[in-house]
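**Q**
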Amino acid sequence: SLSSTVTWVSYEDSQGRFWVGTAYGLNLMDREKGTFKRYVPDGKPRSLANGSVISIREDSKGRLWFGTDMGLHLYNPQSDDFTLYDARNGFADQGIRAIIEDRHGNLWLGTNNGVVRFNPDTLAVKNYTRINGELIGGVATNAALATRSGTMAFGSRNGLYFFDVDRLDNHQNETAPTIALTDFRLF
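Each residue of the sequence shown is one higher than the one before, counting from 149 in our numbering.
1) Could you give the first and the last residue of the continuous beta strand (DSSP E) run that contains F239?
2) Three Cβ pairs or more, each shorter than 8 Å: is that satisfied between the segment 235-243 and the segment 270-284?
3) Using 10 angstroms around the beta-carbon of H252, count the other beta-carbons present and answer buried if the total reaches 16, otherwise exposed.
4) Which residue's Cα is closest to the Cα of D190: N198, L334 and G286?
5) According to the Cβ coordinates, are T289 and A246 closer than 9 Å?
6) Under DSSP, the beta strand (DSSP E) around G219 begins and ends at which residues?
7) Could you check whether F214 and V263 sit closer than 9 Å to each other, using their CB atoms as the reference points?
8) Just the Cα atoms here: how many angstroms apart are S227 and G298?
9) Could you pull out every residue in the same chain whose Cβ sits closer than 8 Å to the Cβ of Y172, ignoring the five residues on either side in sequence?
10) I'd like to know whether the C-beta atoms of R205 and L196 end up nearer to each other than 9 Å.
11) Helix, strand or coil for R165 per DSSP?
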């Protein structure tokens, strides 16, 4: 049986494995036996840090990612355990509500407090908590889409937000504008 009757997400990976994220644990179905292998937080290193598995994504390299309320978990099939990425890696928020991938291999994570762009190969992190000065807020569970044109779309409690990946990337290496003092008064 499942580790919890409250199911948040289900996912079939490229190898035909069926995963179920619940309010308390991740479950891998053995289709022949009709049973589930349970992955629950047990306090051991490399286990799930949190039992509430909210989002699941397989990236273009075949890696499986699981979003929980305590960070992003990478499944390690050889050792049958997980690597955790969270605030210690620079994430502005650890509640991973949605996971999508752009055409450059970056993962875009919808969180409880905005969006995180995470490169799993370099571990580079860029947090987006505001757009045009407006708070993005929490992304709704699994309300994310990578469009054919490469735009990342996220639904939140404050509206729908779009990130043009190519436009963002083109502005990464621009130098900061020159600042000039035109007046100074001491009172």
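All C-beta atoms, glycine included, are put in the ideal place defined by N, C-alpha and C.
**A** Once the coordinates are examined:
1) Looking up residue 239 in the sequence shown gives position 91. No beta strand (DSSP E) holds F239; DSSP gives it neither H nor E.
2) Result yes; three or more Cβ-Cβ pairs closer than 8 Å.
3) Taking the sequence shown and counting its residues from 1, the one referred to as residue 252 is at position 104. Flag for H252 reads exposed.
4) Residue 190 sits at position 42 when you count from the first residue of the sequence shown. Ranked by Cα distance from D190, the first of N198, L334 and G286 is N198.
5) Position 141 of the sequence shown, counted from the start, is the residue given in the question as residue 289. Position 98 of the sequence shown, counted from the start, is the residue given in the question as residue 246. Cβ atoms of T289 and A246: closer than 9 Å.
6) Position 71 of the sequence shown holds residue 219. For G219, the enclosing beta strand (DSSP E) starts and ends at G219 to N224.
7) Residue mapping note: residue 263 aligns to position 115 of the sequence shown, counting from 1. Residue mapping note: residue 214 aligns to position 66 of the sequence shown, counting from 1. For V263 and F214, no; Cβs fall outside 9 Å.
8) Position 79 of the sequence shown, counting from 1, holds the residue named residue 227. Position 150 of the sequence shown, counting from 1, holds the residue named residue 298. Each residue's alpha carbon lies about 34 Å from the other.
9) In the sequence shown, counting from the first residue as 1, residue 172 sits at position 24. Exclusion of the five residues before and after Y172 leaves S151, S152, V154, V188, G199 and S200 as the residues of its chain whose Cβ lies within less than 8 Å of its Cβ.
10) Residue numbering aside, residue 205 sits at position 57 when the sequence shown is read from its first letter. Residue numbering aside, residue 196 sits at position 48 when the sequence shown is read from its first letter. With respect to the 9 Å criterion, R205 and L196 are not classified as neighbours on the basis of their beta carbons.
11) Here residue 165 corresponds to residue number 17 of the sequence shown, with the count starting at 1. In the structure shown, R165 sits in coil (DSSP, three-state: anything other than H, G, I, E or B).
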